[in-house]
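Undergrad: Protein chains in written order, with the working numbering: chain A, 499 to 1091; chain B, 499 to 1091.
2 protein chains.
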Amino acid sequence: MGQYIPPLRDIQFVMHELLDTEGTLKQMPAHADMDVDTINAIVEEAGKFASSIVFPLNQSGDLEGCTLNGTEVTAPKGYKEAYKQYVEAGWASLSCDPEYGGQGLPISLNNALYETLNSASIAWTMYPGLSHGAYDCLHEHGSDELKGLYLPKLVTGEWTGTMCLTEPHCGTDLGLLRSKATPNDDGSYSITGTKIFISSGEHDMAENIIHLVLARLPDAEKGTKGISLFVVPKFIPNADGSLGERNPVFCARLEHKMGIHSNATAEINLDGAKGWLVGQPHKGLQAMFVMMNAARLGVGMQGLGLTEISYQNARTYAKERIQMRALSGAKNPEKEADFIIAHPDVRRMLLTQRAYAEGARAFTYWMALEIDKELSHPDEAVRKAAADNVALLTPIIKAFLTDNAFECTNHGVQVFGGHGFITDNGMEQYVRDARITQIYEGTNGVQALDLLGRKVLGDMGAKLRAFGDIVKAFVEEHGVNPAMQEFVNPLGDIGDKVGKLTMEIGMKAMQNQDEVGAASVPYQRVVGHMVFAYFWARMAKIALEKQDQDDFYKAKLATARFYFAKLLPETAGYIRQARAGVASLNEMQDDWF
Amino acid sequence: MGQYIPPLRDIQFVMHELLDTEGTLKQMPAHADMDVDTINAIVEEAGKFASSIVFPLNQSGDLEGCTLNGTEVTAPKGYKEAYKQYVEAGWASLSCDPEYGGQGLPISLNNALYETLNSASIAWTMYPGLSHGAYDCLHEHGSDELKGLYLPKLVTGEWTGTMCLTEPHCGTDLGLLRSKATPNDDGSYSITGTKIFISSGEHDMAENIIHLVLARLPDAEKGTKGISLFVVPKFIPNADGSLGERNPVFCARLEHKMGIHSNATAEINLDGAKGWLVGQPHKGLQAMFVMMNAARLGVGMQGLGLTEISYQNARTYAKERIQMRALSGAKNPEKEADFIIAHPDVRRMLLTQRAYAEGARAFTYWMALEIDKELSHPDEAVRKAAADNVALLTPIIKAFLTDNAFECTNHGVQVFGGHGFITDNGMEQYVRDARITQIYEGTNGVQALDLLGRKVLGDMGAKLRAFGDIVKAFVEEHGVNPAMQEFVNPLGDIGDKVGKLTMEIGMKAMQNQDEVGAASVPYQRVVGHMVFAYFWARMAKIALEKQDQDDFYKAKLATARFYFAKLLPETAGYIRQARAGVASLNEMQDDWF
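Here you go:
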């Protein structure tokens, strides 16, 4: 079943050498007491919990899956016990509001926790993960009464949460949803409808499940402007927080899926279930977006977690398995054959995994710190700039990291050869688990439209230019350093290309909006690489300066060079594809397909 | 569970309009009686068998898997009965030698049969598929006695066959294999060892299973020059062909795998099993290569089959599922939303599937005709030229088509969105099944080394130049036609680029052999695209001429334009990656990983 060693050194490198996490947090009154030692201690404990408690359940949970008896679901063996430990250790409350019992720690720390949990098991981690999303949503949009009733138990993790959006006939297009909410005399609503694909939708790990449900009020207009958000508990809590009557919100079936077998993907029937309005009537989609944006970052972290765990196990295998001699001569002459890490294409796959994992770590931890700024920085201009970066880059985190994770978990299988295809070895589960990350919380195609259509062209490129200015500042600062030119030149180049490509697509889109959809997916990969090239250039700078200190920096520098030599160049193909436009997509008439 | 409609019109287009299958076969005395009507009738019947008998078993077989009781394996429900029908209808004997009861039909027809069978179910088709490989190997290398005893039953399909190569410690590197063969007094050998990953290794679909086993004789030298090939039957046949004693060649376990659940992947223990030498002592690997080359083509056909079936079902879904409005305005205003085929990125995915399927069909049917020439053409120069093309392009068929199939089956899932991840809808099975095609019969990385190291650089580029001359002749013939320039120009361009890239890598490899391994995988994709660009340009030419006849040709032309606009450009990235060389792979020391 392999192994997981939390990459503490690399996390610390990112948090303290690449980013000044401590110094940045200290600017915020809420986090002024953060210091390096505290951060490291918490991350280390998180890694211990993930590797020793969660990771051992990942493969057994995949094989066992969830069990539906009547309308009750049992999670795989050990899941409930591990979750109890999670709650008792206080991990659920890490970054929650102290007013409701949370520890008030920065998002940056919660993010590090989630990296390690996602490497250990994305399916297990989705139980607390969705709860945290429900907490966020209620915290931002719920009335004081709802917050007082629900948040304390969501903060501790005693209750878990879900997001009930999708219906059989609509996923991407929530404007089509049909679930209905009719007002009751007591201020509550009766909600009726069928929701599908509800992750963590029913289970035995917590005493209550708090569903956040989108439905239409009787006077709602059609489309997305007629959708309201409701909180629908499995058990209706009494005023003192004890559990009251069972609400008619039942699991009707569990889906059989390609992966994440141990997370219960439920069809949820609401049969006049009692719910309470969250936020304003007909403004449910906006309220839910809080949760969806957090979820998209969470999915990006799943991508990082899966890339890292697949890398660790492929690397170990490549250093133990002997097969064939290196073309350039025996590397391990004392053995019958060379370790397969001697073969250039095996190295290519391992370095691809490594470069994408480390690039993702730099990017996501930077992003978490931007979110901390957005939420907690005293300077409004800083908050605004951070919010813009978060808005622009959320679809990149979601889509670029999960596309990379699918590629990388497949490299992990390929390094194992036939043994990678065998369930026992664990590598193929990472592929099956990674596959959903490209689909849920908005498919990666939807992310690409969000990036290009809304986030870039929607504000005439302002947010993209702001991020581009950060890149340009780095290029200008380090362009004069000869040792940095191997990194700064391609970074400047990809930055220029993104600018030109964006202009070109923007001009074409004024003639035909379909040009956006025709270019968006390859465009997303090009922008993703610009972001990664920026973070790899920054990491290379540190590694160049410290390479004589220890091999950690030499490895970082080698991985940076690999990134610029072998991965960034794929943009050459994507730019051509993005520029190719819509004509060849539209010549084919629908009935010719 | 979807649907499968054999693409008869497109197969006929390839066989009769793109390729002159009838005319070419008529040059061969063995196939002089072939005509278009006979070819079409056989292909139509093959399609009926595949779609009505095999396809309905694909999903149920995946869910049920194979069952091991003691050492006996039961295939999923219906598999045995379908196989009986296959044998009775004579499909197994289609292209086998009439001397042993075969029908002596060309490989081109067998190839068409296998396209449809692989769309219907690759896991079921591997039972007859491996048998056909065993037939080929015995037919070419067996003594008259062995041929007389085994071939008639392999030809009818009453007995099935396997290839027993892999051992726990060696797959790619067969030089490490340890199974032993010691001579008996009666001319047979006693064989002892453990073989793993034996596809179709044990089952209840046929009364006997003929294992072709690699093992070492007592006096064998180390490495690949000390390996001999043996035929090891499950039941030792009596001279009259009836079954005699049970040979101690037993299934010890079945693997749990990511996909192809319904094909039994067996661990086979040979415990002094009786075997008979096939071919010369110590020349087993060369003899097995006959089977492996056929198997590699077979795996390429699995790639085509899976791409086609995933496309068919994704296309149907995209025309039925409504979700969101097209960005450029409502396409189906009478509906609540547009059919998702209206969205450019959905079209991109569907057209990618279609272009790769149709390109693969053109390429593989051309290749099958080359094999017919190699085997049956009266002119030795024609046979030699065909053999060179087959040798050069076998790794491309195997690797390029299966990499494309993995991409395309994933597009199929993505078109379905969340519903693609759900087992019931059948789309995720195609991904899981496609994944093994990139691994077995030599991983795609091994294919890339075979292509660049052995087939191209190994003969100083002679075979590649010969194929390049075919491409050049087309470019020169049609370069003067203005209507063809949109196809001929990029074809000529990629041909030039392949030539330059090959020269460059060849020069670098003279300094450092690891340059071959560093460039081989992206190089393989570049050459694969040159081949596809050639066949797409040829198809475009026909479609241009006939586009006013019916929409079939308009669709072909549109797909050709899509291929050149959106798929061929990915070579820009791969060329840069191939040129980036080995330096960035080797800077990283093994212990830094």
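No residue lacks a Cβ here, since even glycine has one placed at the ideal position from N, Cα and C.
With residue 661 of chain A as the anchor, note down where its beta strand (DSSP E) starts and where it stops.
TA: 657-662
Undergrad: Could you pull out every unbroken beta strand (DSSP E) segment of at least 3 residues lying fully inside the segment 694-763 of chain A, listed in chain order?
TA: 706-713, 726-731, 733-735, 741-744, 747-752
Undergrad: For the beta strand (DSSP E) that residue 570 of chain A lies in, which residues bound it at each end?
TA: 570-572
Undergrad: Taking residue 1034 of chain B as the query, report the chain A residues whose CB atoms sit under 9 Å from its CB, ordered along the chain.
TA: Within chain A, no residue comes near residue 1034 of chain B; the closest Cβ sits about 12 Å away, beyond 9 Å.
Undergrad: Which whole-angstrom value describes the C-beta separation of residue 800 of chain B and residue 935 of chain B, a residue pair presumed to lie in contact below a C-beta threshold of 8 Å?
TA: 5 Å
Undergrad: CB-CB under 6 Å to residue 640 of chain A, same chain, minus the five flanking residues each way: which ones, in chain order?
TA: 776
Undergrad: Using the Cα positions of residue 787 of chain B and residue 842 of chain B, report the straight-line distance between them to the nearest angstrom.
TA: 45 Å
Undergrad: On the three-state DSSP scale, how would you describe residue 781 of chain A?
TA: strand
Undergrad: If contact means a Cβ-Cβ distance below 9 Å, which residues of the segment 823-848 of chain A contact chain B?
TA: 823, 824, 825, 826, 827, 829, 834, 835, 837, 838, 839, 840, 841, 842, 843, 844, 845, 846, 847, 848
Undergrad: Relative to the alpha-carbon of residue 614 of chain B, which residue among B/589, B/676, B/673, B/1049 has its alpha-carbon at the smallest distance?
TA: With distances taken between Cα atoms, residue 614 of chain B lies closest to B/589.
Undergrad: Can you name the residues of chain B whose CB is closer than 8 Å to the CB of residue 1078 of chain A?
TA: 1063, 1064, 1067
Undergrad: Could you give the distance in angstroms between the alpha-carbon of residue 1088 of chain B and the alpha-carbon of residue 1052 of chain A?
TA: 12 Å
Undergrad: Would you kindly work out how many angstroms separate the C-alpha atoms of residue 955 of chain A and residue 1017 of chain A, rounded to a whole number?
TA: Looking at the two C-alpha atoms, the distance is approximately 12 Å.
Undergrad: Please state whether the Cβ-Cβ distance between residue 903 of chain B and residue 932 of chain B is less than 8 Å.
TA: Contact: yes.
Undergrad: Return yes when the Cβ of residue 1055 of chain A is within less than 8 Å of the Cβ of residue 965 of chain A, no when it is not.
TA: no
Undergrad: Beta-carbon separation of residue 949 of chain A and residue 893 of chain A under 8 Å?
TA: yes
Undergrad: Can you check whether the C-beta of residue 509 of chain A is within less than 8 Å of a C-beta belonging to chain B?
TA: Residue 509 of chain A does not count as touching chain B.
Undergrad: If I measure Cβ to Cβ from residue 556 of chain B and keep anything under 6 Å in the same chain, skipping five residues before and after, which residues do I get?
TA: Only 619 meet the Cβ criterion.
Undergrad: In the structure shown, what three-state DSSP assignment does residue 771 of chain A receive?
TA: strand
Undergrad: Please list, in chain order, the chain A residues whose beta carbon lies closer than 7 Å to that of residue 515 of chain B.
TA: Residues of chain A with a Cβ closer than 7 Å to the Cβ of residue 515 of chain B do not exist; the shortest Cβ-Cβ separation is about 17 Å.
Undergrad: By the criterion of Cβ-Cβ separation under 9 Å, what are the contact partners of residue 920 of chain A in chain B?
TA: 695, 753, 754, 755, 756, 763
Undergrad: Check residue 934 of chain A in the structure and name its three-state DSSP category.
TA: helix
Undergrad: If distances are taken between C-alpha atoms only, which option among B/715, B/676, B/702 comes closest to residue 1092 of chain B?
TA: Given that chain B is displayed from residue 499 to residue 1091, the structure contains no residue 1092 of chain B and the question cannot be resolved.
Undergrad: Below 7 Å between beta carbons is the criterion; list the residues of the segment 1008-1020 of chain B that meet it against any residue of chain A, in chain order.
TA: 1010, 1011, 1012, 1014, 1015, 1016, 1018, 1019
Undergrad: Determine which residues share a DSSP beta bridge with residue 766 of chain B and list them.
TA: B/693, B/749
Undergrad: Quick one: is residue 857 of chain B buried, meaning 16 or more other Cβ sit within 10 Å of its Cβ, or exposed?
TA: The residue in question, residue 857 of chain B, is buried, as its Cβ has 16 or more Cβ neighbours within 10 Å.
Undergrad: Closer than 6 Å by C-beta to residue 748 of chain B: which residues in its own chain qualify, once you throw out the five before and the five after it? Chain order, please.
TA: 569, 767
Undergrad: Hey, does residue 668 of chain A have any beta-carbon neighbour from chain B nearer than 8 Å?
TA: It does; some Cβ of chain B falls within 8 Å.
Undergrad: In angstroms with no decimal places, state the Cα-to-Cα distance between residue 660 of chain B and residue 790 of chain B.
TA: 11 Å
Undergrad: Could you tell me how far apart the beta carbons of residue 774 of chain B and residue 728 of chain B are, in whole angstroms, since I believe they sit closer than 8 Å?
TA: Contact flag correct, Cβ pair sits at about 6 Å.
Undergrad: Given a cut-off of 8 Å on the beta-carbon distance, is the pair residue 1069 of chain B and residue 1071 of chain A in contact?
TA: yes
Undergrad: Rounded to whole angstroms, what is the Cα-Cα separation between residue 572 of chain A and residue 558 of chain A?
TA: 14 Å
Undergrad: Alpha carbon to alpha carbon, how far is residue 832 of chain B from residue 1033 of chain B? Give it in angstroms, no decimals.
TA: 41 Å
Undergrad: State the CB to CB distance for the pair residue 812 of chain B and residue 709 of chain B, rounded to an integer number of angstroms; the pair is presumed to be in contact (CB under 8 Å).
TA: That belief does not hold up - the Cβ atoms of residue 812 of chain B and residue 709 of chain B are roughly 39 Å apart, past 8 Å.
Undergrad: Starting from the N-terminal side, write out each stretch of the alpha helix (DSSP H) that is 4 residues or longer and does not extend beyond the segment 925-1003 of chain A.
TA: 925-935, 942-947, 960-976
Undergrad: Pull out every residue of the segment 968-994 of chain B whose Cβ sits closer than 9 Å to any Cβ of chain A, in chain order.
TA: none
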